[in-house]
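Working notes, structure below.
2 protein chains.
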Amino acid sequence: MSGLSQLGRFSEPALLILVSLADGAKHGYAMQDDIAALTDERPGPGTLYGAIRRLEEHGYIESLPEQDRRKPYRLTDIGRAALQTELQRMRTVASTGLRRLAVA
Amino acid sequence: MSGLSQLGRFSEPALLILVSLADGAKHGYAMQDDIAALTDERPGPGTLYGAIRRLEEHGYIESLPEQDRRKPYRLTDIGRAALQTELQRMRTVASTGLRRLAVA
DNA sequence: TGCGATGCTACGCGTTACGTAGTAACGGGA
DNA sequence: TCCCGTTACTACGTAACGCGTAGCATCGCA
């Protein structure tokens, strides 16, 4: 754990899952790898599969037919739209914050 | 409530407070205004003052002498550094996600 | 045949988000 | 002068989430 992460609720697993699915369908373990590459923090199974379940319940992602022992998921249209909105907001906040830090 | 916010834990009050303080010391109510302008979501007092307390406990912000009925806070050096790190990570994730959405 | 990596489920604890209610002081308008 | 809305914060409770741990099964490889 480092930085603001100790405060909890900063890793935003759900959003990272959506980002992970943005370049194609993946199953859980592959998402973990992708997220680890993106953020240097590998979410544990409790975090990951909990968030996946909630995202599916909300209709942001949907499961594809299971193959092998893998349950792949992909973004729904709703999920894609929500992700775009959220990422734009995120980028705005990040830019604003960094600008403020630079000026001050 | 709109978009991913219904999933909870997406508004990240603590980070928004830090961004809010990045352009100068503010008291709680002023942070609410600033955050509302930034995100179109005004955090309620439970959210705001809870997050402020935790940030102070962790040494990311510190309180200035109370004046009138206002308790102003400002970023500490630690808070400033943590915020910068976090915002950079955030911008990277946002950019990556948006790029992926554009390609797909 | 053992062992690590893969892939997921189940469970529980601590913490957080957030709504609601309550307090108090101030200023402006009727 | 009496409301009433705004400012500013405190206190409290509940639901939800993050995250760690444990467990189970399969696969490949040495």
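As you go down the protein sequences, you meet chains D and W in turn.
The opening position of the first sequence corresponds to residue 1 in full-length UniProt numbering, with each subsequent residue numbered one higher.
The opening position of the second sequence corresponds to residue 1 in full-length UniProt numbering, with each subsequent residue numbered one higher.
All C-beta atoms, glycine included, are put in the ideal place defined by N, C-alpha and C.
Helix or strand or just coil, what does DSSP make of W:Tyr73? Here W:Tyr73 sits in strand by DSSP.
Determine which residues share a DSSP beta bridge with D:Glu62 and list them. D:Arg74
With a cut-off of 8 Å on the beta carbons, I'd call D:Val103 and W:Thr39 a contact; round off their distance for me. In this structure D:Val103 does not touch W:Thr39 by the C-beta definition: roughly 20 Å separates them, more than the 8 Å allowed.
So, is the C-beta of W:Gly50 closer than 8 Å to a C-beta in chain D? no
Looking at D:Thr96: is its Cβ nearer than 8 Å to the Cβ of W:Val19? Taking a C-beta distance under 8 Å as the contact criterion, D:Thr96 and W:Val19 qualify as a contact pair.
Touching by the beta-carbon criterion (3+ pairs, under 8 Å), the region 51-70 of chain D and the region 66-74 of chain W: no
Check whether the Cβ atoms of W:Arg53 and W:Glu62 sit closer than 8 Å, and answer yes or no. no
Could you check the C-alpha separation between W:Thr76 and D:Thr76 for me, to the nearest Å? 42 Å
Can you pull the chain D residues whose beta carbon is under 8 Å from the beta carbon of W:Asp23, in chain order? Arg100, Val103 and Ala104
With D:Arg80 and W:Leu55 assumed to form a contact (beta carbons below 8 Å), what rounded beta-carbon distance in angstroms separates them? D:Arg80 to W:Leu55, Cβ: 34 Å. No contact.
Can you tell me the Cα-Cα spacing of D:Ile35 and D:Ile17, whole angstroms? Cα to Cα, the separation comes out at about 7 Å.
W:Gln67 bridges to which residues according to DSSP? W:Arg70
Whose C-alpha, out of D:Glu41, D:Leu48 and D:Glu12, is nearest the C-alpha of D:Lys26? Among D:Glu41, D:Leu48 and D:Glu12, the Cα nearest to that of D:Lys26 is on D:Leu48.
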